[in-house]
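Engineer:
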Amino acid sequence: MPVGTQGTVKAVSPRELHELGAQIILGNTYHLHVRPGEKLISRLGGLHRFNGWDRPILTDSGGFQVFSLARLRKITEDGVHFQNHLDGTPTFIGPEQSMEIQRDLGSDIVMTFDECPPYPCEEAVASTSLDLTLRWAVRCKEWWASQPDESKPLLFGIVQGSSYPELRAKSAQELVKIGFDGYAVGGVSVGEPEPEMMAAIENAEPHLPQDRARYAMGLGTPPQMVEMVARGIDMFDCVLPTRLARNGTAFTAAGTMALKNAGYAEDPGPIEEGCTCYACANFTRAYIRHLIKAEEILGLRLVSLHNLHFYLNLMRTARRAIIEGNFAEFRRAFVAGYKKNEANA
Numbered sequence: 001m002p003v004g005t006q007g008t009v010k011a012v013s014p015r016e017l018h019e020l021g022a023q024i025i026l027g028n029t030y031h032l033h034v035r036p037g038e039k040l041i042s043r044l045g046g047l048h049r050f051n052g053w054d055r056p057i058l059t060d061s062g063g064f065q066v067f068s069l070a071r072l073r074k075i076t077e078d079g080v081h082f083q084n085h086l087d088g089t090p091t092f093i094g095p096e097q098s099m100e101i102q103r104d105l106g107s108d109i110v111m112t113f114d115e116c117p118p119y120p121c122e123e124a125v126a127s128t129s130l131d132l133t134l135r136w137a138v139r140c141k142e143w144w145a146s147q148p149d150e151s152k153p154l155l156f157g158i159v160q161g162s163s164y165p166e167l168r169a170k171s172a173q174e175l176v177k178i179g180f181d182g183y184a185v186g187g188v189s190v191g192e193p194e195p196e197m198m199a200a201i202e203n204a205e206p207h208l209p210q211d212r213a214r215y216a217m218g219l220g221t222p223p224q225m226v227e228m229v230a231r232g233i234d235m236f237d238c239v240l241p242t243r244l245a246r247n248g249t250a251f252t253a254a255g256t257m258a259l260k261n262a263g264y265a266e267d268p269g270p271i272e273e274g275c276t277c278y279a280c281a282n283f284t285r286a287y288i289r290h291l292i293k294a295e296e297i298l299g300l301r302l303v304s305l306h307n308l309h310f311y312l313n314l315m316r317t318a319r320r321a322i323i324e325g326n327f328a329e330f331r332r333a334f335v336a337g338y339k340k341n342e343a344n345a
């Protein structure tokens, strides 16, 4: 899922996202609540009308941003009191408030409100945090169940448990008992080593139902995504395609490419040979490097388009490999080629 934190995928229009084949985008509950506010968005027809995107939107619960951005947090059973990161306004978000904000935004998939514990943390801290997250999940489900069926979005629960296998398993098992339309694994890519990240998925996945979507939140690099598909993950969101594009970094099957480098100053080739994206079909590395060095907006737009195309096409290729029964071969070849070239970059 391309990430539209503030209601927009940075530097890319909804029409371009359509052309790239994006099926769904992500919006951020916390950021849209703080600015411009969900009530304003609701009055203007909801987030789809507001941002011109007519395909599904998933909104996160705001929990991660409350714990990572907001100041002077106070966590209670009811929810979290905090000062928002823009102007310090005192704010409260609990499970019901998170659900109401996401409803007013008009989301198609809403996420339960959760506490994302810091990494690293002691097992006792992670356990207490998980128990609170599970109680909040029950309250989110109760709120969701009280809504009219005709306006009810899908509701996903979020697995937590830090780096502790037993807690990850417990979280998944308890969420399945509550019952959700899909299940996310949260609290990953928060500073832990990659083996721990993979272990968090491995410890949760066996306990999640096969007929429900599994979503790894905030991930990841291309090889990480392929490895997580191998571990049973269906959905991802990641800011890397557009964030790195703004620094002039492009993704390719051979690893990342720093287009600012002087070696591309006279390079007549596309970002990636064989790529069918708009940037590769029409512009050279030399021209895109010139735009980036000159700080022209078109440069970051072109690299953003390429990176999003690369990510979306990677997942289409993985899906096709699964259908055709050759995913294991695809996985080995892609991960080995990407990491080999990254190591030699």
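Residue numbers are given in the UniProt record's numbering: position 11 of the sequence shown equals residue 11, and the series is strictly consecutive.
We put the beta carbon where it would ideally sit given N, CA and C, even for glycine.
(1) Look at the alpha carbon of residue 389 and the alpha carbon of M111, and state the distance between them as a whole number of angstroms.
(2) Rounded to a whole number of angstroms, what is the C-alpha to C-alpha distance between residue 364 and A184?
(3) State the Cα-Cα distance for the pair L105 and R319, rounded to the nearest angstrom.
(4) State whether the region 113-128 contacts the region 162-174, with contact taken as three or more CB pairs (one from each stretch) at a distance under 8 angstroms.
(5) Any contact of the region 307-315 with the region 267-278, i.e. 3+ C-beta pairs under 8 angstroms?
(6) Assign F180 to one of three DSSP states: helix, strand, or coil.
(7) To the nearest angstrom, how far is it from the Cα of A172 to the Cα of P36?
(8) Identify whether Q147 lies in helix, strand or coil by the three-state DSSP scheme.
(9) Whose CA, out of F113, N261, Q102 and V176, lies closest to the CA of G94?
(10) Give every residue of the same chain whose Cβ lies closer than 6 angstroms to the Cβ of I233, excluding the five residues on either side of it in the sequence, and list them in chain order.
(11) Identify the continuous beta strand (DSSP E) that holds P90 and give its terminal residues.
(12) Taking only the alpha-carbon atoms, compute the straight-line gap between K141 and S151 and give it to the nearest angstrom.
(13) Please name the residue, chosen from R103, L175, F180 and P209, that lies closest to P148 on a Cα-to-Cα basis.
(14) What's the C-alpha gap between L58 and Q97?
(15) Comparing alpha-carbon positions, which option in N247, P153 and E77 lies nearest V303?
(16) Quick one: grab the DSSP three-state call for N28.
(17) Apart from the five residues just before and just after W143, which ones in its own chain have a Cβ nearer than 6 angstroms to its Cβ?
(18) Would DSSP call C121 helix, strand or coil?
(19) Using DSSP's beta-bridge definition, name the partner residues of Y215.
(20) When you compare the CB of G274 with every CB in chain C, is at least one pair closer than 9 angstroms?
(21) Taking the straight line between their C-alpha atoms, what separation do you get for F330 and E227?
(22) Mind reading off the beta-carbon distance from A254 to N313? Whole number of angstroms is fine, and I expect it under 8 angstroms.
(23) Closest to V3 by CA distance: which of I24, A145 and E16 is it?
(24) From what residue to what residue does the beta strand (DSSP E) around L259 run?
(25) Taking all protein chains shown into account, do 16 or more other C-beta atoms lie within 10 angstroms of the C-beta of E272, making it buried, or fewer, making it exposed?
(26) Quick check: what's the CA-CA separation for H18 versus G52?
(27) Between H290 and L240, what straight-line distance do the alpha-carbon atoms span, to the nearest angstrom?
(28) What ranges does the alpha helix (DSSP H) occupy inside the region 48-107, keeping only unbroken runs of at least 4 residues that lie completely in it?
(29) Spatial neighbours of F180 within its chain, please: CB distance less than 6 angstroms, with the 5 preceding and 5 following residues excluded, ordered by chain position.
(30) Are there 16 or more other CB atoms within 10 angstroms of the CB of T76, so buried, or fewer, so exposed?
(31) Rounded to the nearest angstrom, how far is the Cβ of G88 from that of R73, given a contact under 8 angstroms?
Structural biologist: Quick answer:
(1) Beyond the ends of the chain as shown, which are 1 and 345, falls residue 389; an answer cannot be given.
(2) Limits of the chain in this structure are 1 at one end and 345 at the other, which puts residue 364 out of reach.
(3) 31 angstroms
(4) yes
(5) yes
(6) coil
(7) About 34 angstroms.
(8) coil
(9) F113
(10) R214 and A216
(11) P90 to I93
(12) 15 angstroms
(13) R103
(14) 17 angstroms
(15) N247
(16) DSSP places N28 in strand when its eight states are reduced to three.
(17) E96 and M99
(18) coil
(19) Bridge partners of Y215: A184 and M235.
(20) Among the chains of the structure shown, chain C does not appear; only one protein chain is present.
(21) 11 angstroms
(22) Going by Cβ atoms, the distance from A254 to N313 rounds to 15 angstroms, so no, they are not a contact pair.
(23) Nearest of I24, A145 and E16 to V3, Cα basis: I24.
(24) No beta strand (DSSP E) holds L259; DSSP gives it neither H nor E.
(25) buried
(26) 11 angstroms
(27) 22 angstroms
(28) 63-68 and 95-105
(29) L155, F156 and G157
(30) exposed
(31) No, G88 and R73 are not in contact; Cβ-Cβ is about 13 angstroms, not under 8 angstroms.
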